[in-house]
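What follows is a short report on a single structure.
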Amino acid sequence: MRHKILLPTDFSKNSIRAINYARELYKNDHCDFFILNVFSATGNILESLLNLEPGSELYETAKLHSENGLAKVFDMITMSDSYNPKHHFEVFSEFNNVVESIKQFVDKKDIEMIVMGTKGQTHSRATAFGSTAINIMEKVRNCPVLVVPHNAKIELPKEIVFPSNFRTHFKRRELIYLSEIAKKSDANIAILYINKEEKLDEDQRENKELLKEILEGVNYTFHTLSHHSIQSAVNIFVESRSSDMVAFINKKHAFFGSILSNPMVKEISFHLNVPILAMHDFKN
């Protein structure tokens, strides 16, 4: 089976690094990689969509920049000594809103994973995630998103941290992507319970047992950390163990809504160096 992976790019160094991370992650698999650049004719996407049409000078200039950029990325990959014959690349240039374009592309091409950078051309050290990355993790809910920071190591993960309060009734189809990455990387999934209660209640114990069933055949370990803050607990755990990835089930308006959009995000450092896999609760 060939994997179908979407690689959004704005031609920034971070987005190129994310492409190279995806190539490494899937180095042993047959893959179709779709490199997508979504452009607007001006900095204001609403103005672009309302007032600019194909044929106008601004539109054609932006389109040419997009197509030339994609051609350079394509040549950089396919002409390099590290080119993998198991991998097939196609490039696409689209004039649209980035989030809407990616949503439509995922449906149209039956994409199973999006791999992208955390930052774009307007790289700022003041924020851990760019607004585009946050929007895609929040709003593109028909596909998991793997976000790769600029400083991430280009190597297979050996430990993936999966924080959980065991309040979620886990579903196999939501966790299949986490299982597949762990298997292909021979990685251990470190299931991290941030302890706020003395012990698990009956529902939590049942969900923990369900998680064991779903992860059968995958290496996993359970860990408990007593801490008042999820953010700092995950941060401490990842840094102390030099973990390689963090995975979350992104319940709508729960995890990313409360953390990534919050000023507290500036205090979290774990996602500056390790990729984050955002999976989705399919009820939302």
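Counting in our numbering, the final residue of the sequence shown is number 1118, and the numbers go up one at a time with none missing.
From the three backbone atoms N, C-alpha and C, an ideal C-beta is built for every residue, glycine too.
Beta-carbon proximity check, residue i vs residue j, cutoff 8 Å
i, j, result
"Pro983", "Pro1109", "yes"
"Leu1049", "Leu859", "no"
"Phe1071", "Leu1045", "no"
"Tyr893", "Glu887", "yes"
"Ile869", "Ile850", "no"
"Lys943", "Cys865", "no"
"Leu898", "Leu1012", "no"
"Phe1000", "Ala1081", "no"
Cβ shell of residue i (< 7 Å), same chain only, five flanking positions each side left out
i, result
"Lys937", "Val974 and Asn976"
"Glu993", "Ala1021, Asn1022, Ala1024, Arg1075, Ser1077 and Asp1078"
"Tyr1054", "Asn1022, Ile1023 and Ile1025"
"Pro1097", "Confidence is the limiting factor: at Pro1097 the pLDDT is only 38, short of 50, which leaves the residue's position unreliable and the question unanswerable from this model."
"Asp941", "Asn976"
"Val949", "Ile839, Leu841, Ala852, Tyr855, Ala856, Leu980 and Val982"
"Gly903", "Phe845 and Asn871"
Secondary structure of residue i, DSSP reduced to three states
i, result
"Leu1049", "coil"
"Glu924", "strand"
"Asn1107", "helix"
"Val933", "helix"
"His1003", "coil"
"Ala1024", "strand"
"Gly847", "Here residue 847 turns out to be Lys, not Gly, going by the sequence shown. Correct three-state label for Lys847: helix."
"His899", "helix"
"Ser1060", "strand"
"Leu840", "strand"
"Leu892", "helix"
"Leu1034", "coil"
"Leu1044", "helix"
"Ala1112", "strand"
"Tyr860", "coil"
"Tyr917", "coil"
"Leu904", "helix"
Residue burial classification, residue i (beta-carbon count within 10 angstroms, cutoff 16)
i, result
"Gly889", "exposed"
"Asn848", "buried"
"Asn871", "buried"
"Ser1092", "For Ser1092, the predicted structure reports a pLDDT of 47, less than 50, and the residue's modelled location is therefore unreliable. A value from the coordinates is still provided. Ser1092 should be labelled exposed."
"Asp844", "buried"
"Met1113", "buried"
"Ile988", "exposed"
"Tyr855", "buried"
"Arg857", "buried"
Span of the beta strand (DSSP E) around residue i
i, result
"Lys1018", "Segment Arg1006 to Ser1019 is the alpha helix (DSSP H) holding Lys1018; no beta strand (DSSP E) there."
"Asp866", "Cys865 to Phe873"
"Lys973", "It is not in any beta strand (DSSP E) - Lys973 instead sits in the alpha helix (DSSP H) that spans Ser965 to Lys973."
"Asn1084", "Met1079 to Asn1084"
"Met950", "Met947 to Gly951"
"Glu993", "Glu993 to Pro997"
"Leu990", "Unbroken run through Leu990: none, as it is neither H nor E."
Same chain, Cβ closer than 6 Å to residue i, neighbours up to 5 away in sequence not counted
i, result
"Ser1095", "Any reading at Ser1095 must be qualified, since the residue scores a pLDDT of 45, below 50, and its modelled position is unreliable; the value itself is stated next. Counting only Cβ-Cβ distances below 6 Å, and skipping sequence neighbours, we find nothing."
"Ala967", "Thr952 and Val981"
"Phe1006", "A small fix is needed here, since residue 1006 is Arg in this sequence, not Phe. For Arg1006, where only same-chain residues beyond five positions count, the Cβ hits under 6 Å are Ile1048."
"Ile1015", "none"
"Ile945", "Lys838, Leu840 and Cys977"
Own chain residues within Cβ distance below 8 Å of residue i, not counting five before or after
i, result
"Thr1002", "Asn1041, Ile1083, Lys1085 and Asp1115"
"Ala905", "Val925"
"Ile1010", "none"
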